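**Q** Residue numbers (my numbering), protein chains in the order written: chain S, 1 to 117; chain R, 1 to 111.
Backbone N, C-alpha and C define an ideal beta-carbon position, used for all residues, glycine too.
Since we're looking at a predicted model, the values are computed, not measured.
The structure that follows is given in the form of structure tokens.
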């Protein structure tokens, strides 16, 4: 039973052509995250939503935007992809980790691998 | 600036022996630490975690140790099994739903 779904799994776009990656979840978690992971590097948090509150990491480029129209869906928009944006993009969800609990963890989707030509 | 570091990109261990994966961090404000396991073509999956107020947490074959004074944590897998072969990520949390990951260690368990 898929819990965090990312579509598409592979995305090819052209330099400068806007692209949208999507993520959906069946866990009803109120926090959703987007990570960028380049080859042999650590996943890097781009931003997260706590319900509808958007939290951007300070060093996330303006080229990256996100939308969360409802609890289940979250989108990553790359307005003008550059060659350096080619990476694996991981979506994750969690309960509000501030609420406590024994397993404050994130559930990840399989990722979308973005290629920029 | 990498706040969570895994300095060993790879590790090979014989089946049945202990696997020890290490992780260092720099931010003393991290309050929670997690280990994730990742198979090819899949997203990371949660393995085990530890609060910063503890120094050990055990779950079956997996034990995580935290040394706050050294800003170091380790994951022990005993006994190691071939199915444990995967990439292991260490992650640390700041309050406010901010997570920082290491670069991962690729574990190979040799039958």
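Counting only Cβ-Cβ distances shorter than 9 Å, please list the residues of the stretch 54 to 75 of chain S near chain R, keeping chain order.
**A** 55 and 57
**Q** Compare the C-beta of residue 27 of chain S with all C-beta atoms of chain R and state if any pair is closer than 8 Å.
**A** no
**Q** Apart from the five residues just before and just after residue 7 of chain S, which ones in its own chain have a Cβ nearer than 6 Å to its Cβ?
**A** 22
**Q** Can you check whether the C-beta of residue 40 of chain R is within less than 8 Å of a C-beta belonging to chain A?
**A** Structure shown: chain A not included; protein chains present are S and R.
**Q** Go ahead and pull the three-state DSSP assignment for residue 117 of chain S.
**A** coil
**Q** Interface residues of chain R around residue 40 of chain S at Cβ under 9 Å?
**A** Residues of chain R passing the Cβ test: 9, 103 and 104.
**Q** Listed in chain order, which residues of the stretch 17 to 39 of chain R have Cβ atoms closer than 9 Å to some Cβ of chain S?
**A** If the cut-off is 9 Å between Cβ atoms, the stretch 17 to 39 of chain R has 32, 34, 36 and 38 near chain S.
**Q** Can you pull out the residues from the stretch 39 to 66 of chain R whose beta carbon lies closer than 8 Å to at least one beta carbon of chain S?
**A** 41, 42, 43, 44, 45, 46 and 49
**Q** Determine, using beta carbons only, whether residue 101 of chain S comes closer than 8 Å to chain R.
**A** At residue 101 of chain S, the pLDDT of 47 sits below 50, so the modelled position is not reliable; the number obtained from the coordinates is stated separately. Not closer than 8 Å to any Cβ of chain R, the Cβ of residue 101 of chain S fails to qualify, so no.
**Q** On the three-pair Cβ rule with 8 Å, is the stretch 70 to 85 of chain S touching the stretch 1 to 8 of chain R?
**A** no
**Q** For residue 30 of chain R, report the span of its beta strand (DSSP E) as first-last.
**A** Unbroken run through residue 30 of chain R: none, as it is neither H nor E.
**Q** Work out the CA separation of residue 94 of chain S and residue 106 of chain S for me, nearest whole Å.
**A** Take the alpha-carbon of residue 106 of chain S and the one of residue 94 of chain S: they are about 5 Å apart.
**Q** Bridge partners of residue 15 of chain S, per DSSP?
**A** Looking at the DSSP assignment, residue 15 of chain S forms no beta bridge with any residue, so it has no partner.
**Q** Along chain R, in chain order, which residues have C-beta atoms closer than 9 Å to that of residue 31 of chain S?
**A** 97
**Q** Using a Cβ-Cβ cut-off of 8 Å (strictly less than) and excluding sequence neighbours within five positions of residue 15 of chain S, which residues of its own chain qualify?
**A** The residues are 81, 82, 83, 116 and 117.
**Q** Which class does residue 27 of chain S belong to by DSSP, given the choice of helix, strand or coil?
**A** coil
**Q** Could you check where the beta strand (DSSP E) with residue 96 of chain S kicks off and where it finishes?
**A** Per DSSP, residue 96 of chain S belongs to no beta strand (DSSP E) and is neither H nor E.
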